[in-house]
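Heads up, the thing below is written out as structure tokens.
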Amino acid sequence: MKLPITIALCLAAFVLVTPSTAPAKEKKTSTETATASASPEATAKPPRPTAYRGKIASVDASAKTFTVGKHTIKVTDETKITKNDAATTMADIVADEQVRGSYWKKEDGSLEAKSVKLGAKPAGKTKSAAKTEAPEASPSAEPKK
Numbered sequence: 008m009k010l011p012i013t014i015a016l017c018l019a020a021f022v023l024v025t026p027s028t029a030p031a032k033e034k035k036t037s038t039e040t041a042t043a044s045a046s047p048e049a050t051a052k053p054p055r056p057t058a059y060r061g062k063i064a065s066v067d068a069s070a071k072t073f074t075v076g077k078h079t080i081k082v083t084d085e086t087k088i089t090k091n092d093a094a095t096t097m098a099d100i101v102a103d104e105q106v107r108g109s110y111w112k113k114e115d116g117s118l119e120a121k122s123v124k125l126g127a128k129p130a131g132k133t134k135s136a137a138k139t140e141a142p143e144a145s146p147s148a149e150p151k152k
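Read in order, the letters of the sequence shown are residues 8 to 152 in this note's numbering.
This is the structure we're talking about:
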């Protein structure tokens with residue numbers, strides 16, 4: 008009785024461990040692969056805007072550009088310009104003012120502003136300050152006697 012069960016278990020283990028005998032899929036040639044795959048533009052992820060911050064070094068109102076550090080950023084009609092959370096225009100962008108925002112890098116290498124936030128970042132609770140604050144009536148870790 009033990010011998011037939013042992014043989015059956017060995018055969019079952021052998022069948023489960025060995026690879027299937029189904030025919031392998033045909034490999035595509037390099038030309039078929041090239042034509043079957045989508046173009047890099049279609050499969051590439053859409054570009055993400057790059058963040059910037061700093062002090063405005065110079066402003067060129069006629070070219071609608073401003074310089075932050077080494078970057079010259081162009082303002083377009085689609086650019087969202089704000090100051091103290093209120094919408095504003097290119098005329099309000101002045102040198103020596105704190106600025107932050109994001110820009111798109113175009114194919115020709117130019118930088119096009121997506122958003123421009125003028126003025127210093129509003130003072131508020133920072134993440135580290137919020138974590139270190141303890142509630143006023145915190146329970147004691149020691150048991151009461």
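We treat Cβ as the ideally placed atom computed from N, Cα and C, and that holds for glycine.
The model shown is predicted, which means the values in this text are computed figures rather than measured ones.
Problem set entry | Strand pairing of D67, partner residues [DSSP] | BP columns for D67 point to T72.
Problem set entry | Closest by C-alpha distance to K121, when choosing among V22, P54, S69, A19 | Measuring C-alpha to C-alpha distances from K121 to each of V22, P54, S69, A19 identifies P54 as the nearest.
Exercise. Which residues in the same chain as S65 place their Cβ atom closer than 8 Å to its Cβ, once the five residues preceding and following it in sequence are excluded?
Worked result: F73, T74, A102
For this session: Under 6 Å Cβ to Cβ from K87, same chain only, skipping five residues before and after it: list those, please.
Result: If the five residues before and after K87 are omitted, its C-beta is found closer than 6 Å to the C-beta atoms of S122, all from its own chain and listed in chain order.
Exercise. Is the CB-CB distance between P56 and S109 below 8 Å?
Worked result: yes
Exercise. If we ignore side chains and look at the alpha-carbon of each, how far apart do A192 and K62 end up?
Worked result: Missing from the structure shown is residue 192; the chain here goes from 8 to 152 and no further.
For this session: Can you grab the Cα-Cα spacing for the pair L125 / I80, in whole Å?
Result: 14 Å
For this session: Output the distance between the C-alpha atoms of R107 and A98, rounded to the nearest integer angstrom.
Result: 17 Å
Exercise. For A58, which residues of its own chain have a beta-carbon under 6 Å away from its beta-carbon, when the five flanking residues on both sides are left out?
Worked result: S109
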